[in-house]
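Numbering (mature numbering (1 follows the signal peptide of the UniProt record, and there is no 0)), first residue to last: -21 to -1, 1 to 329.
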């Protein structure tokens, strides 16, 4: 059990009238046969917010240490093709601008999102040890049609530079999209996809979920104002954390930044600012508490999506790259799963 999980349960037990669990679920896997899954949660800054002049090479030290962990599976904070397709079919419930359109990839491949997802699964089940460039180009195009650009970029990076061209359903517009991805400051591309390609993995897994955190409130502007006011109460500790993060973000080597934002003290400040301040905030409508409920639903569904990536792979080594404010919830809830050990990120980044 992780330190964060133990702290959480100790806090709950101290509450008046708090119900205690009737069964110790953490002990159910004590006689487990076979290897246990090793899950490493890396909290990240969102690279789109990095200072002007950000150089992806500044991530090389972080990538070296993550590569040494040798993950079999890498997950990212991005909506999956399935969720994008669900939202597109239910715009009244989820909104009409949920994910980027896949029209160009559909025109190039002839596949809508469900068909592309089915082809991805079928293709990877029969994937050869040494795929031909044509196979990688086709799979990259299909990943784009499946609304999975990060996995498409994994395939693109594993092509010899002379083979990074149009062909095999990857038309000129899709080639331009992949070349543009290479210039985007986004941890899904600059960390996850680069690492996956380096390790010879064929894809990354999008696990974000927003199906339960879209608030059904009568005055959305008042809702947002209420949440922002609660967060503003984070006070000096949050200001100190942000200033230190901004300073470290300007370095040519971002390894110290990642050590800092994944440290227990910084994570505590983020968690308390995000949730504790909201739970204490007074609102006639209960808006801040509603936001916390949505936050919990989102994290629970993301954790379930991560679990699904290694459901058929007991003993897998899993790296989950996610915004650092999610990490405490990921560590706590993933650490409660059967046959799962949470890896100490500080040890990996040392």
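Just so it is clear, CB atoms sit at the ideal spot from N, CA and C, and this is done for glycine as well.
This one's a predicted model, so the numbers in the text were calculated from it and none came from an experiment.
Residues bridged to residue i [DSSP beta-bridge criterion]
{"i": "residue 299", "result": "20 and 54"}
{"i": "residue 321", "result": "18"}
Simplified DSSP state of residue i, which is helix, strand or coil
{"i": "residue 4", "result": "helix"}
{"i": "residue 187", "result": "strand"}
{"i": "residue 25", "result": "coil"}
{"i": "residue 238", "result": "helix"}
{"i": "residue 33", "result": "coil"}
{"i": "residue 48", "result": "helix"}
{"i": "residue 208", "result": "helix"}
{"i": "residue 77", "result": "coil"}
{"i": "residue 202", "result": "helix"}
{"i": "residue 13", "result": "coil"}
{"i": "residue 169", "result": "helix"}
{"i": "residue 349", "result": "What the structure shows of the chain is the stretch from -21 to 329, and residue 349 is not part of that stretch, so it cannot be assessed."}
{"i": "residue 287", "result": "helix"}
{"i": "residue 67", "result": "helix"}
{"i": "residue 260", "result": "coil"}
{"i": "residue 175", "result": "helix"}
{"i": "residue 265", "result": "coil"}
{"i": "residue 194", "result": "coil"}
{"i": "residue 232", "result": "coil"}
{"i": "residue 215", "result": "helix"}
Closest Cα partner of residue i within the set the options
{"i": "residue 7", "options": "247, 72, 191 and 317", "result": "317"}
{"i": "residue 261", "options": "212, 280 and 179", "result": "212"}
{"i": "residue 82", "options": "68, 50, 115 and 124", "result": "124"}
{"i": "residue 349", "options": "234, 251, 196 and 227", "result": "Within the shown structure, residues of the chain are numbered from -21 to 329, placing residue 349 beyond reach of any answer."}
{"i": "residue 292", "options": "271, 50, 25 and 115", "result": "50"}
{"i": "residue 18", "options": "3, 259, 277 and 320", "result": "320"}
{"i": "residue 203", "options": "181, 268 and 220", "result": "268"}
{"i": "residue 243", "options": "91, 133 and 323", "result": "323"}
{"i": "residue 239", "options": "329, 12, 253 and 30", "result": "329"}
{"i": "residue 302", "options": "186, 60 and 61", "result": "186"}
{"i": "residue 225", "options": "-1, 16, 28 and 3", "result": "28"}
{"i": "residue 313", "options": "9, 1, -2 and 20", "result": "20"}
{"i": "residue 88", "options": "146, 176 and 56", "result": "146"}
{"i": "residue 52", "options": "286, 135 and 274", "result": "286"}
{"i": "residue 309", "options": "296, 297, 279 and 288", "result": "279"}
{"i": "residue 228", "options": "-1, 5 and 35", "result": "35"}
Per-residue burial, residue i [other beta carbons within 10 Å of its own, 16 or more giving buried]
{"i": "residue 32", "result": "exposed"}
{"i": "residue 188", "result": "buried"}
{"i": "residue 155", "result": "exposed"}
{"i": "residue 104", "result": "exposed"}
{"i": "residue 264", "result": "exposed"}
{"i": "residue 47", "result": "exposed"}
{"i": "residue 11", "result": "exposed"}
{"i": "residue 141", "result": "exposed"}
{"i": "residue 25", "result": "exposed"}
{"i": "residue 59", "result": "buried"}
{"i": "residue 22", "result": "buried"}
{"i": "residue 258", "result": "exposed"}
{"i": "residue 281", "result": "buried"}
{"i": "residue 158", "result": "exposed"}
Within-9 Å CB hit, residue i to chain B
{"i": "residue 12", "result": "Within the model displayed, chain B is absent; a lone protein chain is all it includes."}
### Residue ranges of each alpha helix (DSSP H) within the region 90 to 165, 4 or longer
92 to 104, 112 to 124, 128 to 136 and 151 to 160
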